[in-house]
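Scroll down for the structure; my scribbles are underneath it.
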Amino acid sequence: MVLKDTATLDPSIDIQTAATTPWDIVVVGAGPAGTAVAARAATNKLRVLFIDRSGLPRPKVCGCCLSPLALTELSNLSKDTIPQFAMSTLSLTDLTIVAQGYCASVPY
1054 MVLKDTATLD PSIDIQTAAT TPWDIVVVGA GPAGTAVAAR AATNKLRVLF IDRSGLPRPK
1114 VCGCCLSPLA LTELSNLSKD TIPQFAMSTL SLTDLTIVAQ GYCASVPY
């Protein structure tokens, strides 16, 4: 079910077209996992309908701390975009969590 007041669509497609098009895959959720699935499916020439409750781009930073494994996965998804990520990365040496007056650090 798609509610008109909560769904956003690319300007090139309207809700009626989205509802009547035969899609190979429908991805619900534009978080890291959903984005990875949609990107991989599109790379494999599948017709992908990508649905999220919010519009994109989001007004918040997602993935502000990407592990080396996450960067490798991004590189596997798109060889064209990873160089721009790599230029602005900083290595983390440890992780510190502070809550309710307590502090814990672990090497990363």
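In the working numbering, the protein residues as written are 1054 to 1161.
We put the beta carbon where it would ideally sit given N, CA and C, even for glycine.
{"Check": "Using three-state DSSP, classify VAL1151 as helix, strand or coil.", "Outcome": "strand"}
{"Check": "So ILE1078 is in the beta strand (DSSP E); what residue range does that whole segment cover?", "Outcome": "1078-1081"}
{"Check": "Sort TYR1161, THR1096 and ASP1067 by Cα distance to ASP1077 and report the nearest one.", "Outcome": "THR1096"}
{"Check": "Per DSSP, what kind of secondary structure is SER1158 in: helix, strand or coil?", "Outcome": "strand"}
{"Check": "Select from GLN1153, ALA1089 and SER1158 the residue whose C-alpha is nearest the C-alpha of THR1125.", "Outcome": "ALA1089"}
{"Check": "Since ILE1104 sits in a beta bridge, which residues does DSSP pair it with?", "Outcome": "VAL1081"}
{"Check": "Within the continuous alpha helix (DSSP H) that includes THR1070, where are the two ends?", "Outcome": "1068-1073"}
{"Check": "In whole angstroms, what is the alpha-carbon distance linking VAL1101 and PRO1121?", "Outcome": "28 Å"}
{"Check": "Only counting the same chain, and skipping five residues up and downstream in sequence, which positions put a Cβ closer than 6 Å to that of SER1158?", "Outcome": "ASP1147 and THR1149"}
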